[in-house]
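Please read the structure below before turning to the comments.
Residue numbers (my numbering): 773 to 858.
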């Protein structure tokens, strides 16, 4: 169920968006999908282009959790993480 943002959350969103360059704003629209790749690959990508979303494949749930944790820590804005739930 969707809930409205709190005033503090709205302020964070507005403040964060106002600081983004045009390139950074456009990068937030990107969802990069990649087959099996190392966490280093994703961290380098996030440092180079602050993407908005990643879809990665890993060999295990533990590896996926570790990858997402590292990616979230290195991303200036929280990443969206889509999943194929089939």
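Note that the Cβ used here is the ideal one computed from N, Cα and C, for glycine as well.
The structure displayed is predicted, hence computed values, not measured ones.
Given residue i as reference, the closest of the options once Cα atoms are compared
i           : options            : result
residue 846 : 825, 856, 830      : 825
residue 848 : 787, 779, 780, 774 : 787
residue 840 : 785, 801, 812      : 812
residue 831 : 776, 809, 820      : 809
residue 799 : 855, 819, 780      : 819
residue 833 : 855, 815, 814      : 855
Residue range of the beta strand (DSSP E) that includes residue i
i           : result
residue 805 : 803-806
Strand pairing of residue i, partner residues [DSSP]
i           : result
residue 826 : 804
residue 852 : 825
Start-to-end residues for the alpha helix (DSSP H) that takes in residue i
i           : result
residue 777 : Residue 777 -> no alpha helix (DSSP H), and no H or E assigned at all.
residue 794 : 794-799
residue 837 : 833-846
Cutoff 7 angstroms; reference residue i; Cβ partners in own chain excluding five residues on either side
i           : result
residue 850 : 844
Cα-Cα separation between residue i and residue j, rounded to whole angstroms
i           : j           : result
residue 823 : residue 801 : 7 angstroms
residue 803 : residue 827 : 7 angstroms
residue 792 : residue 821 : 12 angstroms
residue 794 : residue 835 : 33 angstroms
Beta-carbon proximity list for residue i, same chain, < 8 angstroms, skipping 5 on both sides
i           : result
residue 789 : 797
Residues near residue i by beta carbon distance below 6 angstroms, same chain, minus five either side
i           : result
residue 806 : 828
Residue i: CB within 7 angstroms of a non-hydrogen atom of the ligand MN
i           : result
residue 848 : Summarising the ligand content, the structure contains no ligands, and the ligand MN is consequently not present.
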